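Student:
There are 2 protein chains.
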Amino acid sequence: MRVIDELVANAARYAECYECPGAPSEPRLKLAIVTCMDARFDVWSVLGLRHGDAHVIRNAGGVVTADTRRSLAISQRLLETTEIMIIHHTDCGATKITEDEFREAVFRDTGIRPDWAAEAFPKDPNGDVVQSIARIRADELIPQRQRVYGFVWDVETGELRRVKA
Amino acid sequence: MRVIDELVANAARYAECYECPGAPSEPRLKLAIVTCMDARFDVWSVLGLRHGDAHVIRNAGGVVTADTRRSLAISQRLLETTEIMIIHHTDCGATKITEDEFREAVFRDTGIRPDWAAEAFPKDPNGDVVQSIARIRADELIPQRQRVYGFVWDVETGELRRVKA
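Taken in sequence, the protein lines are chains A and B.
Each residue of the first sequence is one higher than the one before, counting from 1 in my numbering.
Each residue of the second sequence is one higher than the one before, counting from 1001 in my numbering.
#1: Nearest CA to the CA of B:A1120: which residue from B:F1107, B:S1025 and B:F1102?
#2: Using the beta-carbon of each residue, which ones in chain B are nearer than 7 Å to A:I74?
#3: Closer than 8 Å, CB to CB, is A:A165 near chain B or not?
#4: What distance in whole Å lies between the Cβ atoms of B:G1022 and B:I1086, which are believed to be in contact at a cut-off of 8 Å?
#5: Does the beta carbon of B:E1156 sit closer than 8 Å to a beta carbon anywhere in chain A?
#6: Could you compute how far the alpha carbon of B:D1128 sits from the alpha carbon of A:T110?
#7: Assuming the contact rule is C-beta atoms closer than 8 Å, B:V1148 and B:I1097 should be a hit. Round their C-beta distance to whole Å, please.
#8: Verify the CB distance criterion: does B:E1099 have a CB-CB separation below 8 Å to chain A?
#9: Once the 5 residues before and after B:R1135 are set aside, which same chain residues still bring their CB inside 7 Å of it?
#10: For A:A11, report the span of its alpha helix (DSSP H) as first-last.
#11: Nearest to B:A1060 by CA position, among B:F1041, B:L1047, B:D1053 and B:R1013, is which residue?
#12: Looking at C-alpha atoms only, which residue of A:V3, A:V163 and A:L29 is the closest neighbour of A:S75?
#13: Is it true that the CB of B:T1068 sits closer than 8 Å to the CB of B:P1027?
#14: What does A:N10 reach in chain B if we use C-beta pairs closer than 7 Å?
#15: Over what stretch of residues does the beta strand (DSSP E) that includes A:L160 continue unbroken?
#16: So with CB distances below 8 Å, who are the chain A contacts of B:A1054?
#17: If you follow the alpha helix (DSSP H) that A:A138 is part of, which residue opens it and which one closes it?
#18: In the DSSP assignment, what are the bridge partners of A:C36?
#19: Which of the three DSSP states, helix, strand or coil, is assigned to A:L31?
#20: Over the uninterrupted beta strand (DSSP E) stretch that includes A:V148, give me the two end residues.
#21: Got a sec, what are the start and stop residues for the beta strand (DSSP E) A:E83 sits in?
#22: Using CA atoms only, rank isn't needed, just tell me which of A:S71, A:S45 and A:R113 is closest to B:V1008.
#23: With a threshold of 7 Å on Cβ separation, who are the neighbours of B:H1088 within its own chain once the five nearest residues in sequence on each side are excluded?
#24: Could you check how far apart the C-beta atoms of B:I1112 and A:E140 are, in whole angstroms? I think they sit under 8 Å.
#25: When you compare only the Cα positions, how much space is there between A:K164 and A:R58?
#26: Helix or strand or just coil, what does DSSP make of A:A105?
#27: Select from A:L47, A:R77, A:D38 and A:A73 the residue whose C-alpha is nearest the C-alpha of B:S1071.
#28: When you compare the CB positions of B:E1006 and B:T1090, do they come within less than 8 Å of one another, or not?
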């Protein structure tokens, strides 16, 4: 609980200085961002986001799963976003496994094979950005599927590179 | 593309000042955080996170879906995290819909009912934090399920409140 206590103390300091800017729940930039859970990627700082600017959806790999599509459908249908950024990054954990290795490791430890894909992808994340965009374009439950932009963030240099889809 | 161009320009400024701290992909605090995609919740600032500290998993509602559990399993199995924080927040979009209303609205527009739950929850987010923790505890594919801590962040005051599970 030591780590948690420290973060709770940080949050109390944050609250002391918090002046509720009264932003609505609808993101000001009408943007939803899909990216990886990676601990080195501070999305707000990298993109210069401000309070109320954009939805941020994150999971292992920054991949477009059923849950990502649920979040995007809600983001657009209820909260009026119209554009999507997909951001993968270099040195991602998803590039260091294969589906088969992961499944068998889980099976060895638990006697159960996951009924979901780990969503491993090859070392070059560009290709997976392209297929993530394709997954979004194929989902009719996401109303706005035209303005979807792909990027890779470089953990070594801090640079954000556009991926042409 | 105007919005995206602005964010890309922000990212270029970020990269100019980026000094790769060389943090490993394994989070320093051995922590994974599950929270909502809400545009007003800057997790890093609220919790005082630093580069490389913690995985951040975000979706509509900050709910524990199959994809959340996939991300947590990968976080713990491949990247050595052992603790989990679940953070819901006040004024969440997930409290403003019902499953039935959402399904029927999607059906009216597209002729398709989603084959996933919207994951609506009642106005008081505390109860859903408790059941989110229960979903994690019930998943044998997540190795470390004891140290799971629940919180609600108040959009009005900036305060983070613990939820007893």
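Positions of the beta carbon are idealized from the N, C-alpha and C atoms, including for glycine.
Just so we're clear, the structure is a prediction, and the values are computed from it rather than from any experiment.
Tutor: Reading it off the structure:
#1: As a position in the second sequence, residue 1120 of chain B is number 120, starting the count at 1. Out of B:F1107, B:S1025 and B:F1102, B:F1102 has the C-alpha closest to the C-alpha of B:A1120.
#2: The residue you call residue 74 of chain A lines up with position 74 of the first sequence. Those within 7 Å of A:I74 in chain B are A1060, G1093 and A1118.
#3: Here residue 165 of chain A is taken as the residue at index 165 of the first sequence, counted from 1. Contact of A:A165 with chain B is not assigned, every C-beta pair being separated by 8 Å or more.
#4: As a first step, residue 1086 of chain B is located in the second sequence; it is residue number 86 there, counting from the start. As a first step, residue 1022 of chain B is located in the second sequence; it is residue number 22 there, counting from the start. Cβ atoms of B:I1086 and B:G1022 stay farther apart than 8 Å, at about 30 Å.
#5: To locate residue 1156 of chain B, count along the second sequence from 1; it is residue 156. Output row for B:E1156: interface = yes.
#6: Translated into positions along the second sequence, residue 1128 of chain B becomes position 128. Translated into positions along the first sequence, residue 110 of chain A becomes position 110. When rounded, the distance between both Cα atoms is 28 Å.
#7: Sequence index remark: in the second sequence, residue 1148 of chain B carries index 148 (1-based). Sequence index remark: in the second sequence, residue 1097 of chain B carries index 97 (1-based). That pair is no contact at about 26 Å.
#8: Here the question's residue 1099 of chain B lines up with position 99 in the second sequence. It does not; no Cβ of chain A falls within 8 Å.
#9: Here residue 1135 of chain B is taken as the residue at index 135 of the second sequence, counted from 1. So the list reads V1064, once near-sequence residues are dropped.
#10: In the first sequence, residue 11 of chain A corresponds to position 11, counting from 1. Per DSSP, A:A11 belongs to the alpha helix (DSSP H) from R2 to E16.
#11: Translated into positions along the second sequence, residue 1060 of chain B becomes position 60. Residue B:F1041 is the option with its Cα nearest to B:A1060.
#12: As a position in the first sequence, residue 75 of chain A is number 75, starting the count at 1. Among A:V3, A:V163 and A:L29, the Cα nearest to that of A:S75 is on A:L29.
#13: Taking the first residue of the second sequence as position 1, residue 1027 of chain B is located at position 27. Taking the first residue of the second sequence as position 1, residue 1068 of chain B is located at position 68. Contact: no.
#14: In the first sequence, the residue the question calls residue 10 of chain A occupies position 10. Contact annotation for A:N10 against chain B: L1047 and G1048 [CB-CB distance below 7 Å, chain order].
#15: Mapped onto the first sequence, residue 160 of chain A falls at position 160. Run containing A:L160: L160 to V163, per the beta strand (DSSP E) assignment.
#16: The residue you call residue 1054 of chain B lines up with position 54 of the second sequence. Those are A39, listed as they occur along chain A.
#17: The residue given as residue 138 of chain A occupies position 138 in the first sequence. Premise fails: A:A138 is in no alpha helix (DSSP H) and is neither H nor E.
#18: As a first step, residue 36 of chain A must be located in the first sequence, where it is residue number 36. According to DSSP, residue pairing for A:C36 in a beta bridge involves A:N59.
#19: Here residue 31 of chain A corresponds to residue number 31 of the first sequence, with the count starting at 1. The answer is strand: DSSP assigns A:L31 an E or B state.
#20: The residue given as residue 148 of chain A occupies position 148 in the first sequence. Looking at the DSSP string, the run of the beta strand (DSSP E) that includes A:V148 is V148 to W153.
#21: Position 83 of the first sequence, counting from 1, holds the residue named residue 83 of chain A. Looking at the DSSP string, the run of the beta strand (DSSP E) that includes A:E83 is E83 to H89.
#22: The residue labelled residue 1008 of chain B in the question sits at position 8 within the second sequence. That would be A:S45, whose Cα lies nearest to the Cα of B:V1008.
#23: Along the second sequence, read from residue 1 onward, the residue named residue 1088 of chain B stands at position 88. Correct list, in chain order: C1036, G1062, P1125, D1128, V1129 and V1152.
#24: Working through the second sequence from its first residue, we reach residue 1112 of chain B at position 112. Working through the first sequence from its first residue, we reach residue 140 of chain A at position 140. Rounded, the Cβ-Cβ distance is 6 Å, consistent with contact.
#25: As a working mapping, residue 164 of chain A is identified with position 164 in the first sequence. As a working mapping, residue 58 of chain A is identified with position 58 in the first sequence. Each residue's alpha carbon lies about 21 Å from the other.
#26: Taking the first sequence and counting its residues from 1, one reaches residue 105 of chain A at position 105. If DSSP states are grouped into helix, strand and coil, A:A105 belongs with the helices.
#27: Position 71 of the second sequence, counted from the start, is the residue given in the question as residue 1071 of chain B. Taking each of A:L47, A:R77, A:D38 and A:A73 in turn and checking the Cα distance to B:S1071, the smallest one comes out for A:D38.
#28: Numbered from 1 along the second sequence, position 6 holds the residue referred to as residue 1006 of chain B. Numbered from 1 along the second sequence, position 90 holds the residue referred to as residue 1090 of chain B. Not closer than 8 Å, so no.
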